[in-house]
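Q:
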Amino acid sequence: MQTEALLKLVETELDDRKGLNIKTIDVRGKTSITDYMVIATGTSSRHAKSLCDYVMEKVKEQGQQPLGLEGDQSSDWILLDLGDVIVHVMTGQARELYQLEKLWSVAGDKTHS
């Protein structure tokens, strides 16, 4: 699956499943681990885990195997590694605490919703 198609699938699935404040950060040139990070907020730990589960299911339907999933039903932060796209879904409190957008964004960067 091409990176742009994977990114669109992730963004669409998070939006369809009521993920909040979905942000995509282009990290090409900043790290070699991935091209994009998608950050979303779940309304609860359970919702955050469900969002990642739904994304993982859709990715598998497209014939791509996720590289890893970190976090469980009670975690405030779930990470889904899809290779060229890494998905972070957090509770509002965790997102405010860790501020990944601030960590990975620098003035002039491409960050879009």
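In my numbering, the protein residues as written are 1144 to 1256. All C-beta atoms, glycine included, are put in the ideal place defined by N, C-alpha and C.
#1: Using a 10 Å radius around the Cβ and a threshold of 16 neighbouring Cβ atoms, would you call Ala1237 buried or exposed?
#2: Are the CB atoms of Leu1152 and Val1230 nearer to each other than 8 Å?
#3: Which runs of the alpha helix (DSSP H), 4 residues or longer, sit entirely within the stretch 1160 to 1221?
#4: Straight-line CA distance for Ala1250 to Tyr1197?
#5: Shortest alpha-carbon distance to Ile1182 belongs to which of Arg1160, Gln1205, Ile1168, Ala1148?
A: The short version:
#1: Here residue 1237 refers to the residue found at position 94 of the sequence shown. Buried, by the Cβ-count rule.
#2: Here residue 1152 corresponds to residue number 9 of the sequence shown, with the count starting at 1. Here residue 1230 corresponds to residue number 87 of the sequence shown, with the count starting at 1. For the 8 Å CB-CB criterion, Leu1152 and Val1230 do not form a contact.
#3: DSSP runs (the alpha helix (DSSP H)) wholly in the stretch 1160 to 1221: 1188 to 1204.
#4: Your numbering for residue 1250 matches position 107 in the sequence shown. Your numbering for residue 1197 matches position 54 in the sequence shown. With a pLDDT of only 46 at Ala1250, under 50, the local geometry of the prediction cannot be trusted, and the value read off the model is given with reservation. Roughly 32 Å between the two C-alpha positions.
#5: Taking the sequence shown and counting its residues from 1, one reaches residue 1182 at position 39. The candidate whose alpha carbon is nearest that of Ile1182 is Ile1168.
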